[in-house]
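Written below as structure tokens is the structure these notes are about.
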Amino acid sequence: MKGHIRKRGTKWSIIIDIGPDPETGKRRQKWFSGYKTKKEAQADMAKRIVEIEEGSYIEPTKMRVREFFLQYLEARKINLRETTYYNYRKHINNHIIPKLGNIPMQKLKGVNLEKFYSDLSESMKPVTVRSIHQIVRTALAYAVRHEIVKRNVADVISPPTAGADAKTVNTWTEEEVLRFLEHAKESRYYIAYLLAITCGMRKGEILGLQWKDIDFDRRTLSVNRSLSHITKEFHEPKTSSGKRLIVLPEITLLALQEHFQKIIEEKERYGDGYNNYDLVCPTYNGNPCNFRSLTQLWKKLIKKSGVPDIRFHDLRHTHATLMLKQGIHPKIVSERLGHKRVGITLDTYSHVVPGLQEKAVEDFANNLFQKH
5 MKGHIRKRGT KWSIIIDIGP DPETGKRRQK WFSGYKTKKE AQADMAKRIV
55 EIEEGSYIEP TKMRVREFFL QYLEARKINL RETTYYNYRK HINNHIIPKL
105 GNIPMQKLKG VNLEKFYSDL SESMKPVTVR SIHQIVRTAL AYAVRHEIVK
155 RNVADVISPP TAGADAKTVN TWTEEEVLRF LEHAKESRYY IAYLLAITCG
205 MRKGEILGLQ WKDIDFDRRT LSVNRSLSHI TKEFHEPKTS SGKRLIVLPE
255 ITLLALQEHF QKIIEEKERY GDGYNNYDLV CPTYNGNPCN FRSLTQLWKK
305 LIKKSGVPDI RFHDLRHTHA TLMLKQGIHP KIVSERLGHK RVGITLDTYS
355 HVVPGLQEKA VEDFANNLFQ KH
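Using this note's numbering, read the sequence shown as starting at 5 and increasing by one per residue.
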């Protein structure tokens, strides 16, 4: 079985010869269209030939939602980050396929999606339903490009809007931060908690931090990689803004210097048995820390210190909220968090901004009229 590539307008197509019709003897071909580049079409051609030869290929007119989404997931795997792929797979397998899987792709209607989102809304937050809608919409756009369906029915559907409390951010007060750190002082991962609170770093960024990323003389820390809780591998930040330089406060700098000496002692104690990944927060023998172990210890320390039970990720929110309340410019906060735009920071912490605006206006008026 042979195939070739042909350009049609601005897109590329795969044409596969499947032999003569056994009754008429006429030449038969299968077309696969919608590829943006020649390279993309060439990469997919071998797979299509194998599918036809093995009998696993399904005609678009007969394809159901189940088969399409599984094929779509496989096609996107190479271009998605592991966490994004994990979320796609989870929502497709747990929600989309169980509810919509038996519907033929060409019979999928907007009304099917409306009922689907309505059912999901009974047990899910609006933000989660919108995430699933985005997966469906993106997948159906792919189906249109590849001529599996003629139009994207998700384009005309509006998923549930977020309620007033949809973006609730849980944080600690200054007093709660100090109380927790006091109880966590002797913990092995005290430095991880301190980095999250004083630098706004994500858990994966902290566990991927290496000593070579820290400049003790300049009091800076570089975020260059993150440890994935799914693959257990190190990956570069998703965006250029995620790869950032953070200025360290004095308390964090001193704690890092003290922690560095402890790591050196552990290396000497383990000798050849120490796996040197150069990590700031490794296990006793140098290996990357297990996410679950860190979370379990975190929960114990929360209970011990008597502070509100929040997620580890909420330490990042605490860092941002406290800085904004102290009058730090949102642009600085945004850069420390690694947000692509300062607007993301303002949207996320909108509960803090109104109070800041009132204070700023009052200070402005007082300063202006006290001078005259």
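Backbone N, C-alpha and C define an ideal beta-carbon position, used for all residues, glycine too. Small disclaimer: the values here were computed from a predicted structure and weren't measured.
Report the three-state DSSP secondary structure of Ala170 (helix, strand or coil). For Ala170, the predicted structure reports a pLDDT of 48, less than 50, and the residue's modelled location is therefore unreliable. The matter cannot be settled from this model.
The beta strand (DSSP E) with Arg10 in it runs from where to where? It spans Lys6 to Arg12 - the beta strand (DSSP E) in which Arg10 sits, taken as one unbroken run.
DSSP three-state label for Arg32, please. Three-state result, Arg32: strand.
For Arg248, the first and last residue of its enclosing beta strand (DSSP E): In the DSSP annotation of this structure, the continuous segment of the beta strand (DSSP E) that includes Arg248 starts and ends at Arg248 to Val251.
If you draw a straight line from the alpha carbon of Ala168 to that of Thr177, how long is it in whole angstroms? Low local confidence applies: a pLDDT of 41 at Ala168 is under 50, so the model's placement there is unreliable, with the coordinate-based value given in what follows. Going from the Cα of Ala168 to the Cα of Thr177 covers about 22 Å.
To the nearest angstrom, how far is the alpha carbon of Ala170 from that of Lys129? Any reading at Ala170 needs caution, since the residue's pLDDT is 48, under 50, leaving its predicted position unreliable; the model's value is listed next. When rounded, the distance between both Cα atoms is 7 Å.
To the nearest angstrom, how far is it from the Cα of Arg52 to the Cα of Gly13? Roughly 22 Å separates the two Cα atoms.
If Ile161 and Leu117 are in contact, beta carbons under 8 Å, what's the gap, nearest whole angstrom? At roughly 5 Å, the Cβ-Cβ gap stays under 8 Å, so Ile161 and Leu117 are in contact.
Measuring CB to CB, does Lys335 end up less than 7 Å from Val346? Their beta carbons are under 7 Å apart, which means Lys335 touches Val346 by this criterion.
Is it right to say Tyr121 is buried, meaning 16 or more other beta carbons lie within 10 angstroms of its own, or is it exposed? It is buried - the Cβ of Tyr121 has at least 16 other Cβ atoms within 10 Å.
Go ahead and label Gly204 buried or exposed: buried means 16 or more other beta carbons lie within 10 angstroms of its beta carbon, across all protein chains shown. Flag for Gly204 reads buried.
For Arg206, does the three-state DSSP call read helix, strand or coil? Correct three-state label for Arg206: coil.
Beta-bridge pairing of Phe238 - partner residues as DSSP gives them: Paired residue(s): Leu231.
Would you say the segment 227-234 touches the segment 315-324, given that touching needs at least three Cβ pairs under 8 Å? No contact exists between the segment 227-234 and the segment 315-324.
Output needed for Val67: all residues of its chain with C-beta closer than 6 Å, excluding positions within five of it in sequence on either side, in chain order. Looking at the sequence itself, residue 67 is Met, so the reference to Val does not match. Closer than 6 Å at Cβ, skipping near neighbours: Met109.
Can you give me the Cβ contacts of Leu252 inside the same chain, cut-off strictly under 6 Å, excluding the 5 residues immediately before and after it? Taken in chain order, the residues that qualify are Arg223 and Leu225.
Any 3 or more C-beta pairs closer than 8 Å across the segment 17-37 and the segment 68-79: Not touching, per the Cβ criterion.
At what residues does the beta strand (DSSP E) containing Lys15 begin and finish? Per DSSP, Lys15 belongs to the beta strand (DSSP E) from Lys15 to Pro24.
Simplified DSSP state of Leu430, which is helix, strand or coil: Any property of residue 430 remains undetermined from this structure, which presents the chain solely from 5 to 376.
Per DSSP, Ile218 is paired with what? For Ile218, the pairing in a beta bridge is given by DSSP as Leu225.
Name the DSSP beta bridge partners of Tyr39, please? For Tyr39, which the question treats as bridged, DSSP gives the partners Trp16.
Could you tell me whether the segment 287-301 touches the segment 265-275, where touching means 3 or more Cβ pairs closer than 8 Å? The answer is yes - the segment 265-275 touches the segment 287-301, with three or more Cβ pairs under 8 Å.
For Met49, collect the residues of the same chain with a Cβ closer than 6 Å to its Cβ; drop the 5 residues on either side in sequence, then sort them by chain order. Here the set comprises Gly7 and Ile18.
Could you give the distance in angstroms between the alpha-carbon of Leu144 and the alpha-carbon of Lys242? Rounded to whole angstroms, Leu144 to Lys242 spans 25 Å at the Cα level.
Going by beta carbon distance, what residues of the same chain come within less than 7 Å of Asp318, once the five residues before and after it are set aside? Counting only Cβ-Cβ distances below 7 Å, and skipping sequence neighbours, we find Asn174 and Thr175.
How big is the Cα-Cα spacing for Asp159 and Arg141? Linking Asp159 to Arg141 through their CA atoms gives a straight-line distance of about 7 Å.
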